[in-house]
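Residue numbers 197 to 416, in the numbering used here, belong to the letters of the sequence shown in order.
Just so you know, even glycine gets a beta-carbon here, dropped at the ideal spot from N, CA and C.
To start, the structure under review is shown below, and the notes come after it.
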Amino acid sequence: MRFYYPSIFSLIFIALFYAVVLGTFWFIWVRIYKRKFSGPVALSVVALVLVLPWLEEFWIAWNFGQLCRKDAGIAINRTVEVEGFYGDSVAGSLRLVKSGEYRFIESRSNKWVHRLEFGDANFLQQSIERYQWENSRKDVAKQDYFRVTLGIDIEALVYPGKGDSWRITKLDRPTARYHYKRLNSHTPVAHQITRFEDVVEDVQTGEILGRYVNYYRGAY
């Protein structure tokens, strides 16, 4: 079981919970019904109110532990070497492509899919010449970066000072065989517990190569 970490805020909240609920019960029991604040019924209600937050915490922690033991973590069914892949959103795409780890990465932006590739020396020179032709009054050397359109579906992203360029091709749909997908994100699976699930899929065969499952729990 994974119990929630204690904090001054949670202790203050519990104290307020006790004060409001028990205070309301006392007012109804004594002032409205004119009964003494004693006896099995009143004491049973007080005891129930006192243990309710801790029962909720135990229930969340127990469910969280069971779910984590069930399938949380990374499961790899098969590994493959690929030139590139598609992901709904891919952090660090520029770095991954520049390093040569992947020749291309495809990701979705609005309704289009963009294919990112690192440009060679000829592509860099072509991009700079096109930018200078469209912006004759601007000094390329003084630009941190610029984007320029080279064709109907081709755009260049250039960092002149570093000599880096990327070819960005607009596609109607992904062309990569392997897709990195998020199947679940903040999906409620139990009280105060959500599920995250990522998979790598071969879209040609439908095979799931790997899966990463993670659970997050909230406060009681």
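According to DSSP, simplified to helix, strand and coil, what is TYR327? helix
Buried or exposed: which applies to ASN331, given that a residue is buried once 16 or more other Cβ atoms fall within 10 Å of its Cβ? exposed
I need the boundaries of the alpha helix (DSSP H) containing ASN259, first residue and last residue. 236-267
Output the distance between the C-alpha atoms of PHE260 and PHE300, rounded to the nearest integer angstrom. 38 Å
Would you identify the three-state DSSP class for ASN318, choosing helix, strand or coil? helix
With distances taken between CB atoms, is the gap from ASP394 to LYS366 smaller than 9 Å? no
What three-state label does DSSP hand ALA352 in the structure shown? strand
Chain-order list of residues whose beta-carbon lies under 8 Å from that of ILE389 (same chain, five-residue window excluded): ILE256, ASN259, PHE260, LEU263, TYR411, TYR412, ARG413 and GLY414
Output the residue ranges of the beta strand (DSSP E) runs that lie fully inside the segment 338-406 and measure 3 residues or longer, sorted by chain position. 342-345, 350-355, 360-367, 374-386 and 389-398
Under 8 Å, with one C-beta from each stretch per pair, do the segment 265-279 and the segment 241-257 reach the 3-pair mark? no
Can VAL226 and VAL245 be called in contact, C-beta distance under 9 Å? no
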